[in-house]
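Student: Chains as they are written, first to last, in the working numbering: chain P, 93 to 368; chain A, 1172 to 1427. All C-beta atoms in this analysis are idealised placements derived from N, C-alpha and C, irrespective of residue type, glycine included. All values reported here derive from a predicted model rather than from experimental measurement. Structure in structure tokens, see below.
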Amino acid sequence: MNATVKVRVERERASRGGLMTPGRWGGSALGFLGLFVFLVVLAQSAMVVQARPQDLITGAHGMADILRRAMPPDFSKLQSELWPALETVDIAFFGTTVAVLLAVPLAIMAAHNTSPGRPFYAAARSLIALCRAVPDLVWALLFVTAVGLGPFPGALAVSVHSVGMLGRLFAEVIEDMDMGPVEALTMTGANRLQVFSHAVVPSVLPSLLGIALYRLDENIRSSLVLGFVGAGGLGFELLTAMNLFQYRTVSLLLVLTFVIVILTERMSAALRRRIG
Amino acid sequence: MRTALVEADGLGMRYATGRLALDGASLSVAAGEMVVILGHNGCGKSTLLKCIAGLLRPTAGQVLVAGRDITSLSGRALSEARMAMAMVFQQARLVGRRSVLANVVCGTLGRHRNVTSALGILPRTERQHAMECLEEVGLAGFATQRAGTLSGGQAQRASIARALAQRPAALLADEPVASLDPEASEEVMRLLRRISSSDGLGVICVLHQPELARRYADRILGMRQGRVMFDDTPGAIADRQMQALYEGVVIQGLAA
């Protein structure tokens, strides 16, 4: 995982290298023009978002009031919130697993060194791009409309968006793979499938697992938000509690969210270290 | 005269770019014989080896493997005919995360084209044979180690073991010592020599070092601009002939 990210960063750096060299920037009129344009764009964005820092100061009183009403967290609700918490974790787990199963064959078709042919490559790349381009929250909205409220549309949204994210990263790992063993095994008379399972799979599997674990970690965080559009889990509870002004329940839910996020982050990081 | 295992006859190779890489090149290797191909970069020696291995299709001439012309074959027939030849490359090309033994067993996959091996399971029946191949190259003690932990020379010997596991009649080596230190190079050359003399394999080896060629080859084939300049025993080749392979390059380089 780290290796591929590094490779990509280097690549991007290399492709931009031409503009960033000091010889072309340093103190030139072009540099000042660039700075001026940047400041203009920044100013217009501040106006568009209606940035008013003074509101933060006048709003501090209201914030303090909410915080006071939210303390202490209502731990009596803990038991009833465990189920939604499980739902949140499971939406991510189920969604990620399904996404990995779908992303692997797609990535094989979308990597130029393993793709069975030009049409497969183009089709796989477009499908991956479509899944990625639409945010999971939007997928969730669509699926809630299609299959109704509950955790299932959440899991569907997570897996469709993840197919796009994973498909692209998996394809990059396959493309960056050392082709030496592939050619060597082809020469021994092994067929395509054998070459794939004995040379490609063992070389890329650790990176793929690392990426999948990282994705699971991200999906747990996004499945918390998916509840806001009715796709089950803690997000839905949070929305309900907010609408009913039950701030002590809200703070309990935030504590639960915090614990889940930290735990999964730690676990996924530890597992990834063991694979590497 | 021993009968040839592999015989290339009048090979011509013109790339799509129009460059003529091979011009009537012929070569034969018999069982137990070691032929070294010498020549400067771009003289066509690797192209010749690739044509013989069936990785490139020559535009003229034929390649006879056990008396059968492989240049007209394709697909499965080609890969089956090719199994009589094993190949060793400049890099060892092992799967670094798998054990040395697993890498060697992979050499036998051509004989086990079935569902279990397609699922990534190695044929158990070949373990014994693979161990023998590892013993042959002196790496039996490294069998369970990850291939990625081997040194350059060890990795190259492991790749030779994988080639042997294929049970080939001929071994093709494309600059097998080009990225090794002198000591490891000698070791690999000694191994290739022994495989040829003791096991009776025909060995074709592309090299860059005339000095190594002189000491290990039965025959040396000198190539220049796609043509075979000489093909003789090391003793019959004068130093001047050897130098002539490389000399022209400098002038050519300056002219270009």
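Using a Cβ-Cβ cut-off of less than 9 Å, list which residues of the segment 1246-1268 of chain A approach chain P; keep chain order.
Tutor: 1247, 1250, 1251, 1253, 1254, 1256, 1257, 1258, 1259, 1260, 1262, 1263, 1264, 1265, 1266, 1267 and 1268
Student: Answer yes or no: do residue 1275 of chain A and residue 1227 of chain A have a C-beta to C-beta separation smaller than 8 Å?
Tutor: no
Student: Please confirm if residue 267 of chain P has its CB atom under 8 Å from at least one CB of chain A.
Tutor: no
Student: Terminal residues of the continuous beta strand (DSSP E) containing residue 1237 of chain A?
Tutor: No beta strand (DSSP E) holds residue 1237 of chain A; DSSP gives it neither H nor E.
Student: Expressed to the nearest angstrom, what Euclidean distance is found between the alpha-carbon atoms of residue 319 of chain P and residue 257 of chain P?
Tutor: 21 Å
Student: Counting contacts by CB-CB distance shorter than 8 Å, is residue 290 of chain P in contact with chain A?
Tutor: Judged by the 8 Å Cβ criterion, residue 290 of chain P is in contact with chain A.
Student: Under a three-way DSSP split, which group does residue 113 of chain P fall into?
Tutor: A caution first: residue 113 of chain P carries a pLDDT of 48, below 50, which makes its placement in the model unreliable, though a value can still be read off. Note: residue 113 of chain P maps to coil in three-state DSSP.
Student: Between residue 1427 of chain A and the rest of its own chain, which residues show a CB-CB distance below 6 Å, the 5 nearest in sequence each way excluded?
Tutor: Note that residue 1427 of chain A scores a pLDDT of 37, beneath 50, so its modelled location is shaky; the value from the coordinates is reported in the next line. Counting only Cβ-Cβ distances below 6 Å, and skipping sequence neighbours, we find nothing.
Student: At which residues does the beta strand (DSSP E) containing residue 1377 of chain A begin and terminate?
Tutor: 1373-1377
Student: Entirely within the segment 148-232 of chain P and at least 4 residues each: give me those alpha helix (DSSP H) ranges in chain order.
Tutor: 170-202 and 210-225
Student: So, with DSSP's three-state summary, where would you put residue 1369 of chain A?
Tutor: The answer is helix: DSSP assigns residue 1369 of chain A an H, G or I state.
Student: Which value, in whole angstroms, describes the spacing of the CA atoms of residue 1244 of chain A and residue 186 of chain P?
Tutor: 48 Å
Student: Name the chain P residues whose beta carbon is nearer than 8 Å to that of residue 1337 of chain A?
Tutor: 280 and 281
Student: Which residue marks the beginning of the alpha helix (DSSP H) containing residue 1333 of chain A, and which one marks its end?
Tutor: 1323-1336
Student: Start and end of the beta strand (DSSP E) containing residue 329 of chain P?
Tutor: Unbroken run through residue 329 of chain P is the alpha helix (DSSP H), 325-335; no beta strand (DSSP E).
Student: So is residue 295 of chain P in contact with chain A if we call contact Cβ pairs under 8 Å?
Tutor: yes
Student: Contact defined as beta carbons within less than 8 Å: I believe residue 1232 of chain A pairs with residue 1180 of chain A. What is the distance between those atoms, to the nearest angstrom?
Tutor: 5 Å
Student: Check residue 143 of chain P in the structure and name its three-state DSSP category.
Tutor: Three-state result, residue 143 of chain P: coil.
Student: Which residues of chain A have a Cβ atom closer than 8 Å to the Cβ of residue 275 of chain P, listed in chain order?
Tutor: 1260 and 1264
Student: Mind listing, in chain order, the continuous beta strand (DSSP E) runs of no fewer than 3 residues lying wholly within the segment 1214-1266 of chain A?
Tutor: As far as the segment 1214-1266 of chain A is concerned, its whole beta strand (DSSP E) runs of at least 3 residues are 1231-1236 and 1256-1259.
Student: Quick one: is residue 363 of chain P near chain A, going by C-beta distance under 8 Å?
Tutor: no
Student: Only counting the same chain, and skipping five residues up and downstream in sequence, which positions put a Cβ closer than 7 Å to that of residue 1401 of chain A?
Tutor: Excluding sequence neighbours, residue 1401 of chain A sits near 1393, 1408 and 1412.
Student: Which of the three DSSP states is assigned to residue 1410 of chain A in this structure?
Tutor: helix
Student: Decide if residue 356 of chain P is buried, meaning its Cβ has at least 16 other Cβ atoms within 10 Å, or exposed.
Tutor: buried
Student: Given a cut-off of 8 Å on the beta-carbon distance, is the pair residue 1373 of chain A and residue 1251 of chain A in contact?
Tutor: no
Student: Counting only Cβ-Cβ distances shorter than 7 Å, please list the residues of the segment 1271-1304 of chain A near chain P, keeping chain order.
Tutor: Contacts with chain P (Cβ-Cβ distance below 7 Å) from the segment 1271-1304 of chain A involve 1277, 1278, 1280, 1281, 1284, 1288, 1289, 1290 and 1291, listed in chain order.
Student: Check the C-beta distance from residue 305 of chain P over to residue 364 of chain P and give it rounded, since I have them as a contact under 8 Å.
Tutor: 5 Å
Student: Tell me which residues of the segment 202-229 of chain P have at least one Cβ-Cβ distance to chain A shorter than 8 Å, keeping chain order.
Tutor: none
Student: Give a yes or no on whether the minimum CB-CB distance between residue 1224 of chain A and chain P is below 8 Å.
Tutor: It does: the Cβ of residue 1224 of chain A has a partner Cβ on chain P nearer than 8 Å.
Student: Along chain A, in chain order, which residues have C-beta atoms closer than 8 Å to that of residue 285 of chain P?
Tutor: Here the neighbours are 1289.
Student: For residue 1324 of chain A, count neighbouring C-beta atoms within 10 Å of its own C-beta (all shown protein chains included) and say buried if the count is 16 or more, exposed if not.
Tutor: buried
Student: Helix, strand or coil: how does DSSP classify residue 248 of chain P here?
Tutor: helix
Student: For a minimum of 4 consecutive residues, which ranges assigned as the alpha helix (DSSP H) are wholly contained in the segment 245-318 of chain P?
Tutor: 272-279, 284-287 and 293-318
Student: Ignore the nearest five residues each way along the sequence and tell me which others in residue 48 of chain P's own chain have a CB closer than 6 Å to its CB.
Tutor: Any question about residue 48 of chain P goes unanswered here, given that chain P covers just 93 to 368.
Student: Identify the continuous beta strand (DSSP E) that holds residue 1282 of chain A and give its terminal residues.
Tutor: Here residue 1282 of chain A belongs to no beta strand (DSSP E), and DSSP marks it neither H nor E.
Student: In terms of residues, what are the limits of the beta strand (DSSP E) holding residue 1197 of chain A?
Tutor: First-last of the beta strand (DSSP E) with residue 1197 of chain A: 1191-1201.
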